[in-house]
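Input: a single structure, listed below in structure tokens.
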Amino acid sequence: MSIQESIKIVPQGEIAIVEFDLIGEKVNKFSTPVMMRLKEVLQEIARSSYKAVIFKSNKNKIFIAGADIEEIKTMTTKEQFNEAVKGGQEIMNMVEDLAIPTFAAINGACMGGGCEFVMSCDYRIASDDPSTKIGLPETQLGIIPGFGGTVRMPRILGLAAAFDIILAGKAVNSKKALKIGLVDKVVHPNLLMDFATKWAKEIIAAGGKKRRKTYEPKGLMNHVLEGVGQGIVFRKAREGVMKLTGGHYPAPLKAIEVIKKTYGKDRETALLLEREAFCELGVTDVSKNLIHVYYLTEMVKKQTGIAGSQAKARPVSHMGVLGAGTMGGGIAYVAADKGIDVRMKDLNVEALSKGLKHASDLWRKLVKRKTIDSYQFQQKMSLVSTTTNYSGFKNMDVVVEAIVEDINIKQKVIGECAGEMRPDAIIVTNTSSLSVSEIAKGHPRPEFFAGMHFFNPVNKMPLVEVIRGEKTSEETIATIFELSKRMGKMPVVVKDGPGFMVNRLLLPYMGEAAFLLQDGMSVEVVDKAFVKEFGMPMGPFALMDEVGLDVCIKVLKIFKKSFGERIEMAACMTLLEKSGRLGKKNGKGFYLYAEDGKRGDVDSSIYAALELPAPTNPLAPKECLERGIFAMVNECSLALIEDKIVESPQEVDLAMIMGTGFPPFRGGLLRYADSIGVVYIADQLEMYANERKASRLKPATPLRNMAKTQRKFYS
Ligand SMILES: NC(=O)c1ccc[n+]([C@@H]2O[C@H](COP(=O)([O-])OP(=O)(O)OC[C@H]3O[C@@H](n4cnc5c(N)ncnc54)[C@H](O)[C@@H]3O)[C@@H](O)[C@H]2O)c1
């Protein structure tokens, strides 16, 4: 079918209804052919005698999803970007310049170019369907809105509300859109077209008034007065972005700069400045990396966790959670939040009430923020029930075990639990350091057993490692993969093995930090280098405190047992074990903690406690960063190439970004490694291994082979 069918004019008396329904695609998007067709349609309308036009989508939950990211991905030069953006801007101007009133009837996602399109219309009506979201996500892809978004949005919403959307790259629901003036009316989806048509007829009857926007500079006095207030808004916006991003993301800063230059300017000048900035950003590595991350998340949406298998995920409507502690409470919250019926079991009522409180506190915060109302709060709470025995477990489709990290107890409890459930029900363990295949020995039917490794805090961390035990069936993996997605998580299937994927890479990184301490570096300098320079969400010492120092040491020992020589534990870690410091959980670690758990300054007594002299910081931050990050790359070469823990570099990168907050602007650990070169990494590791007498840093065989043959992880 031709592109003509994708955008059609359906006459309705004096009104032209323009229907978007991109043939052969799930979503409407502004690809080059679509834009060319839209131009034709607009020209036809301009020549016609229609008195008004209403734009609508025939897709179910999509209005217009935005520009075609596939096209953006392939563009590499400023000239390519300039041509595409100029074309888009011209089309938005054509919409704005139509002599008749224009209406957008928005149902479903209206993002990026879609949002810029509706802002070019005179009147906007949105449905109150939950799928209706309007926003400008471009800065999340390292670019800025380029079809007039930075020009029109501040004029429609004012600076503060426009910054709120553009700088965070976010979208708002129709209620919020109405409140900030991004839409004029909100109606039930069934009434959307009736309402739009009625309104169009009224406007026609009243003379067909356009809603003119002004691009002209205001009067001089206004300008001066506004200038003072605006100066503050621009400064605050910049400060906010710097605080949040550490300056690693150029797009939001550029957006502020563009808006500062273009606010109040004529349309042509403003659009030219926007376009130039867009072209500058489009060719940056940061943008390419962020687009790479976007594709990683899209990849998961399409996956089943069992490529090539015919097995099907089973539906899950009832979920049990064993253990209502830190993890169990979080897991129950996330599941019930997505409408799954959850039953938590713990040893006593006190533990259960803690788990319940954890969930209710999180929902209460949402009520306070007006994200949910009190009726929804009650509904969600009613999905979580508790028990100290196995009553109700016959109903469970899946049970997640999140009790103490002890293999004997886990095996015993899992056996007990399996006896109380249907024979085909699944049990998964949230263990972070034990072997899933070993725990499975406690289950009478290990094909119905797997790992489902959530990260702490469960409500915030998007990653779930789905661990395939030796006997886990494909159906079990598919079910847990699908369940993770339903819980709003990003699942990655990982083979059973010490530390699975993420912890296996993190441990050498944290372990190396302890060696840096022994080399005379201070906690502050090392953590600062990783956060400020590299862009990690927290440095290795803060991370160790967060995880629990006892847990880190325990896992390091497990690694040493499994991997032998390769894993070295800094002598100071042994002293740390004896020091009684557990990190954040007992308020004593590398840092000091307030009563409420807030991290304070570095605990200056840490050096004496570890029998280390006062730090002199003899090493350059570059060495600290390279030793920490390259230790992860080195381990990853073994995990990925030798042990095939996961199948692809994409999965490593997704897991590291979603599970550890590895800076997305670097595109993931292995994309970063490729960008600086495996040869360089192997050479530096060799050099540090020799100079610092650190055999742990010697490049592993797969990494050395890659360097020799000049191979990349993404080959
Ligand atoms: N805390 C983390 O950061 C983290 C991250 C990932 C995975 N994990 C894993 O998750 C599991 C739970 O960790 P946590 O931090 O939530 O522990 P926790 O100590 O906060 O909670 C454990 C809960 O299990 C309960 N429990 C113990 N035995 C039980 C039994 N027989 N039946 C029912 N409940 C029982 C305890 O009463 C307690 O409430 C562990 O396997 C841990 O390794 C923890």
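Under our numbering, residue 796 is the last one in the sequence shown; the count climbs by one each step, no gaps.
Cβ atoms here follow ideal geometry from the backbone N, Cα and C, with glycine treated the same way.
query	result
If we call anything under 9 Å between Cβ atoms a contact, is residue 47 one with residue 135?	Any answer about residue 47 is impossible in this case: the structure gives the chain only from 82 up to 796.
Mind the definition here: the region 445 to 459 touches the region 392 to 412 only if three or more C-beta pairs lie below 8 Å; say whether that holds.	no
To the nearest angstrom, report how far apart residue 298 and residue 354 are at their CA atoms.	With a pLDDT of 48 at residue 298, under the threshold of 50, the modelled position of that residue is not reliable, and the figure given next carries that caveat. So the alpha carbons of these two residues sit roughly 16 Å apart.
If I follow the unbroken beta strand (DSSP E) through residue 482, where does it start and stop?	479 to 482
Just reading off the alpha helix (DSSP H) that residue 244 is part of, what are its end residues?	240 to 249
Tell me the DSSP secondary structure of residue 230 in three-state form.	helix
Within 8 Å, do at least three Cβ pairs link the region 203 to 212 to the region 149 to 165?	no
Determine contact between the region 156 to 176 and the region 93 to 107, defined as no fewer than three beta-carbon pairs at a distance below 8 Å.	no
Can you confirm whether the region 171 to 186 touches the region 271 to 291 when touching is taken to mean that 3 or more C-beta pairs between the two stretches lie within less than 8 Å?	yes
Taking the straight line between their C-alpha atoms, what separation do you get for residue 664 and residue 622?	9 Å
Could you check which residue in 589, 769, 631 and 380 has the C-alpha nearest to that of residue 670?	631
Applying the 10 Å Cβ sphere with the 16-neighbour rule, what's the burial state of residue 426?	buried
State yes or no: is the C-beta of residue 241 nearer than 8 Å to some heavy atom of ligand 1?	no
Are the Cβ atoms of residue 559 and residue 529 separated by less than 9 Å?	no
Taking the alpha helix (DSSP H) that residue 554 belongs to, which residues open and close that run?	Element bounds for residue 554: n/a, residue is neither H nor E.
Looking at the structure shown, is residue 298 part of a helix, part of a strand, or coil, going by DSSP?	With a pLDDT of 48 at residue 298, under the threshold of 50, the modelled position of that residue is not reliable, and the figure given next carries that caveat. Looking at residue 298 - three-state DSSP - the assignment turns out to be coil, as it is neither helix nor strand.
I'd like the list of long-range same chain contacts for residue 393, defined as Cβ closer than 8 Å, with 5 residues on each side in sequence excluded.	556 and 559
Would residue 785 and residue 763 be called neighbours here (beta carbons separated by less than 9 Å)?	yes
In whole angstroms, give me the CA-to-CA distance for residue 681 and residue 675.	7 Å
What is the rounded straight-line gap between the Cα of residue 317 and the Cα of residue 226?	21 Å
Hey, would you say the C-beta of residue 491 is under 8 Å away from at least one heavy atom of ligand 1?	yes
Check for me: the beta strand (DSSP E) holding residue 138 runs from which residue to which?	133 to 138
On the DSSP letters alone, give me the boundaries of the alpha helix (DSSP H) that residue 423 sits inside.	Unbroken run through residue 423 is the beta strand (DSSP E), 422 to 426; no alpha helix (DSSP H).
When the Cα of residue 415 is compared with those of 564, 176 and 311, which residue comes out closest?	564
Mark residue 439 as exposed unless 16 or more other C-beta atoms lie within 10 angstroms of its C-beta, in which case mark it buried.	buried
Quick one: grab the DSSP three-state call for residue 375.	helix
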